[in-house]
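Protein chains in written order, with numbering that gives the first Met the number 0: chain A, 0 to 453; chain B, 0 to 495.
Quick reminder that beta carbons are idealized off the backbone N, C-alpha and C, glycines included.
This one's a predicted model, so the numbers in the text were calculated from it and none came from an experiment.
Just below is one structure, and these are the notes that go with it.
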Amino acid sequence: MNVDVLIAGAGPAGLAAGIELRRLGVSRVLIVDREAEAGGIPRHSAHTGYGLRDLHRVMTGPGYARHYVQAAVRAGAEVRAGTTVTGWPVRPGLPGPAGHIGPSDPALHAGLPDPAPHADLPDLAGPDGPPGPARPLSVSLTSASGIETVTAAAVLLATGCQERPRAARLVPGSRPPGVMTTGELQQRVYLYGQRLPGRALIVGAEHVSFSAMVTLAHAGADVVALVTDQPRQQSYAAFALAAAVRWRAPVWTCTAVHRIAGHDRLEGVELANLRTGATSFVGCDTLVFTADWIPDHELARLAGAEIDPGTRGPAVDTALETSLPLVFAAGNLVHAAETADIAAAGGRHVARQIAAALRGRRPPRVTWIPVTVATPLSWISPNAIRPGGPRPARGRFLLRSDAFRRLAWLEVRQGGRVLATARARLVPGRPVHLDAGWIDRADPAAGRVQVALR
Amino acid sequence: MTPAPPPAIGPAAPAPVADIVVIGAGVVGTAIARELSRYDLSIVVVDAATDVGTGTTKANTAILHTGFDAAPGSLESRLLRRGSALLNDYAARAGIPVERTGALLVAWTEEQCQALPGIEDKARQNGYTAIRPLSAAGLYQREPHLGPGALAGLEIPDESVICPWTTPLAYATEAVHAGVRLQLGSPVTGVRTGAGEHAVATARGAVRGRWLVNAAGLGGDVIDAMMGGGGFTIRPRRGELIVFDKLARPLLGSILLPVPTAQTKGVLVAPTVYGNVLLGPTAEDIGDRSDTDTTAAGLAGLLEAGRRIVPDLAGEQVTATYAGLRAATEHRDYQIRVDPGLHYACVAGIRSTGLSASLGIAEYVVDQLGGAGLPLAERGGIAGPPVMPYIGEAGTRPYQDAGRIAADPEYGRIVCHCERVTRGEIRDALASTVPPADTGGLRRRTRAMNGRCQGFFCAAAVSAMMAAAQRPAGGRPADAPGHAGEHPSPELGRLA
């Protein structure tokens with residue numbers, strides 16, 4: 000099967016991109032999703048608040064997911080759920096851990112565009128490629144109807160993100176059942192109707208942590224507290240107030256889980272106060288690890304795309320093109336995690352860039368200028384610019400901070416030159432926006448751009 | 000959340016007094032039961048846990064050792080050498096994932112360099128002659144991601160990695176097919192011996208047998224004391240391990256072993272048959288035989304050591320951390336003893352080599368039992384190893400097999416995305432001869448939920464499949480009428 004654009008991931012970003020591609024007249028758009036149903040994470044996020052900024056109405060997650068799936072189908076995109084990309088062309092021999100994986104079947108490599116010589120390059124010489132359509136990519140899809148090869152002129156990775164589980168966070172102790180991430184919790188409660196009686200403890204105090212609290216309460220759990228290693232909660236004051244008043248769930252700040260206890264079932268956790276070093280034991284039957292997002296970057300890494308050390312997703316320029324020509328990435332794969340409407344906005348933005356690229360209407364991929372951040376900033380997305388490239392989605396860059404600052408001045412520098420300054424309020428886990436007006440002032444020959452606090 | 004103990008698997012009407020009772024369904028106990036099942040004997044295996052291989056068997060470094068570094072002349076050395084040859088052959092026939100990656104022993108200090116000739120010499124004394132020295136350049140050529148500072152090494156080309164979960168399951172499955180009764184969830188509370196039989200008291204009633212095999216692993220000394228023994232004490236040694244994501248697998252070609260010195264045993268970095276990278280183990284003598292907790296200090300120490308051996312590991316995601324207990328004793332060798340008068344075999348102190356040596360141990364123990372008077376008459380109709388579901392990364396898994404998907408679309412429906420486990424495989428595991436009692440058992444049979452997301456995407460769906468299979472209305476697959484008949488057993492009549 001031949002398509003113009005293959006989109007991996009039918010969440011808000013992938014679906015919005017598919018709709019926009021069809022609107023722009025791209026004829027063959029195939030959106031695949033490995034889950035049994037298309038729609039992405041909103042499918043099992045039953046609370047309200049979806050759609051406000053992109054659809055201008057308030058919906059629940061499942062309603063929002065349904066809306067986008069139906070709109071994509073109406074727009075003429077083919078949406079296939081239960082379909083996994085299993086034969087992505089693996090590129091051996093690239094420097095770094097990403098390039099060496101998997102079977103070295105030459106047939107798999109045949110379809111890949113020319114290697115992007117990104118690894119040892121100075122800031123100036125970025126991944127190069129022809130301005131127009133390159134050789135099509137060949138990808139294997141596995142589903143209940145078999146294994147099928149699809150060739151695509153362009154590929155959009157919209158594979159989203161996940162919360163890091165307790166093992167990745169190196170939380171020691173035993174390994175009883177009852178310990179989960181918000182993603183698992185939501186599916187258990189909203190897709191499978193599971194009850195979770197007893198006491199529950201939530202690790203994290205970001206938006207998603209309060210969402211987990213609502214889900215737990217819905218499932219019959221008594222939420223003991225939300226614990227965060229930060230000095231303050233990181234969501235809206237109204238959420239924390241509602242939690243305290245409506246569910247009597249306090250936020251314990253400067254607190255970390257030091258040990259998980261219980262063998263056949265969870266008995267509780269040992270908490271440590273990071274200020275005093277004091278420890279205490281809190282009994283609970285459910286423990287939910289929230290936030291601490293990591294992009295689902297497996298496909299990007301297997302193909303040898305450059306990975307941004309900050310976002311840990313594929314590095315992307317303002318057109319959301321990766322270091323591999325005609326391989327694009329959008330949504331929470333490149334900014335883990337933003338709300339669904341922001342992911343969808345990125346999907347619409349990347350669709351316009353893909354459509355232009357397919358028509359040979361895009362600037363030559365000559366210079367790739369990395370955009371990096373300095374602590375306490377943890378990442379910026381997109382994380383590269385090209386001369387003549389477009390403004391990013393919504394005309395701004397997204398950043399994250401590891402620290403609180405009521406008022407901070409962001410400074411955009413290239414070498415000794417200040418390209419822009421901007422005011423920002425920094426809260427860990429919450430988006431920081433930086434207007435992209437400065438990208439036209441960047442010097443293609445002056446190398447890396449860095450965003451730091453002044 | 001605690002599942003009910005699973006019903007006994009095997010003949011529906013067991014003999015009131017079995018010929019032989021094996022205590023312990025770990026890799027050693029199941030291997031012995033499998034070996035015994037070749038003979039005309041009624042056999043019962045009891046274990047406290049609700050699944051086979053849940054003790055030392057399941058949480059180790061998953062290496063199929065050649066035994067090159069065992070103490071020459073020891074029973075362990077002999078049984079390791081024999082056992083690893085037997086298991087290599089058995090694994091190929093039963094579909095147990097094995098990858099012959101080879102191992103490199105890497106010396107980082109002068110002291111370690113000086114120990115290398117002695118290790119090479121020891122290997123030759125153990126009958127392993129394929130070992131050869133490697134220069135630093137040779138090491139880096141083989142392992143380009145090795146950290147700086149390696150001085151010299153040894154290559155052991157036949158060290159392999161194996162699936163420690165499929166192995167005891169294959170033994171148990173073969174044994175059950177041959178008429179062995181598997182009674183799990185039955186902690187042994189005492190043994191009463193008299194009138195030519197042993198009455199093994201368990202939390203679920205007494206199991207009687209004319210002969211008794213103690214393969215109780217971490218409980219080996221407790222059972223031995225019930226039998227009037229007392230020549231050894233199990234001193235559990237805890238080993239913590241870290242599993243890295245599959246994206247780390249290209250960092251490593253072979254098993255990277257430390258050179259043991261007087262000061263420290265060191266940790267290893269090894270590939271797994273599931274395509275991950277393993278780092279560990281720590282070695283800590285502890286008092287509590289059930290304490291498989293990981294510790295902050297243990298994990299931090301491992302990461303520190305791992306960063307020196309393969310620095311790029313630091314950038315990779317940790318998929319799992321776990322700890323296992325090794326059944327060490329105050330003695331340096333296995334504690335295997337057969338008492339002909341008592342009709343009792345003690346198979347204890349198997350330390351950390353039980354997986355590799357299991358078939359050698361079983362062969363040796365059954366031979367000793369025969370010498371002690373256990374009647375060993377071969378029975379006809381031996382079916383041989385079962386073909387186990389393949390869960391390794393090196394071969395073809397169902398999702399990659401167009402023919403299998405065409406025949407059964409359930410093999411094209413991937414549920415666990417990180418590990419690419421299909422609904423068909425989960426369904427098969429739930430209906431298998433030795434079915435899982437909990438989601439942990441399902442993980443060990445299918446790899447479902449073992450990936451980097453640890454269930455973020457699939458745990459709810461997999462748990463729902465498990466719950467549906469275990470719902471009393473439908474009955475457990477193991478209970479379902481006709482289950483025993485699925486593997487017709489000529490021994491049924493004889494056992495009754």
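Boundaries of the beta strand (DSSP E) in which residue i is found, first to last residue
i                      : result
residue 397 of chain A : 395 to 400
residue 154 of chain B : 151 to 155
residue 236 of chain B : 233 to 243
residue 449 of chain A : 448 to 452
Beta-carbon proximity of residue i to residue j, cut-off 8 Å
i                      : j                      : result
residue 163 of chain A : residue 291 of chain A : yes
residue 153 of chain B : residue 235 of chain B : no
residue 358 of chain B : residue 161 of chain B : no
residue 56 of chain B  : residue 143 of chain B : no
residue 19 of chain A  : residue 276 of chain A : no
residue 254 of chain A : residue 270 of chain A : yes
residue 215 of chain A : residue 195 of chain A : yes
residue 378 of chain B : residue 68 of chain B  : no
residue 254 of chain B : residue 22 of chain B  : no
residue 192 of chain B : residue 239 of chain B : no
residue 438 of chain A : residue 384 of chain A : yes
residue 23 of chain A  : residue 6 of chain A   : no
residue 265 of chain B : residue 259 of chain B : yes
Strand pairing of residue i, partner residues [DSSP]
i                      : result
residue 191 of chain A : In the DSSP output, where bridge partners are listed per residue, residue 191 of chain A has none listed.
residue 510 of chain B : The displayed coordinates of chain B run from 0 to 495. Any statement about residue 510 of chain B would go beyond what the structure contains.
residue 279 of chain A : A:270
residue 369 of chain A : A:383
residue 253 of chain A : According to DSSP, residue 253 of chain A bridges with nothing at all.
residue 147 of chain B : Its beta-bridge partners do not exist; DSSP assigns none.
Residue i at chain B interface by Cβ criterion, 8 Å
i                      : result
residue 432 of chain A : no
residue 341 of chain A : no
residue 173 of chain A : yes
residue 219 of chain A : no
residue 144 of chain A : yes
residue 182 of chain A : yes
residue 169 of chain A : yes
residue 164 of chain A : yes
residue 384 of chain A : no
residue 262 of chain A : yes
residue 179 of chain A : yes
residue 187 of chain A : yes
residue 214 of chain A : no
residue 257 of chain A : yes
Cβ of residue i within 8 Å of any chain A Cβ
i                      : result
residue 412 of chain B : yes
residue 453 of chain B : yes
residue 1 of chain B   : Low per-residue confidence applies at residue 1 of chain B: pLDDT is 48, beneath 50, and the placement is therefore not dependable, though the value from the model is reported in the following sentence. By this cut-off, residue 1 of chain B is an interface position.
residue 463 of chain B : yes
residue 458 of chain B : yes
residue 404 of chain B : yes
residue 240 of chain B : no
residue 320 of chain B : yes
residue 408 of chain B : yes
residue 17 of chain B  : no
residue 291 of chain B : yes
residue 298 of chain B : yes
residue 401 of chain B : yes
Element boundaries [alpha helix (DSSP H), containing residue i]
i                      : result
residue 438 of chain B : 438 to 445
residue 217 of chain A : 206 to 217
residue 176 of chain B : 165 to 176
residue 183 of chain B : Run containing residue 183 of chain B: none; DSSP gives neither H nor E here.
Any C-beta of chain C under 8 Å from that of residue i
i                      : result
residue 316 of chain B : In summary, chain C is missing from the structure at hand, where the protein chains are A and B.
- Any alpha helix (DSSP H) of 4 or more consecutive residues that is wholly inside the segment 18 to 98 of chain A: Fully enclosed alpha helix (DSSP H) runs of 4 or longer: 60 to 74.
- Message: Please give the ranges of any beta strand (DSSP E) in the segment 369 to 423 of chain B, keeping only runs that are unbroken, at least 3 residues long and fully inside the region.
- Response: Annotation note: the segment 369 to 423 of chain B contains the following uninterrupted beta strand (DSSP E) runs of length 3 or greater, listed N- to C-terminal: 413 to 415.
- Ordered list of beta strand (DSSP E) runs contained in the segment 312 to 377 of chain B, each at least 3 residues: Listed in chain order, the complete beta strand (DSSP E) runs (minimum 3 residues) inside the segment 312 to 377 of chain B are 317 to 328, 334 to 338, 343 to 347.
- In chain order, which continuous runs of the alpha helix (DSSP H) of length 4 or greater are located wholly inside the segment 1 to 74 of chain B? For the segment 1 to 74 of chain B, whole alpha helix (DSSP H) runs of length 4 or above, ordered along the chain, are 26 to 35.
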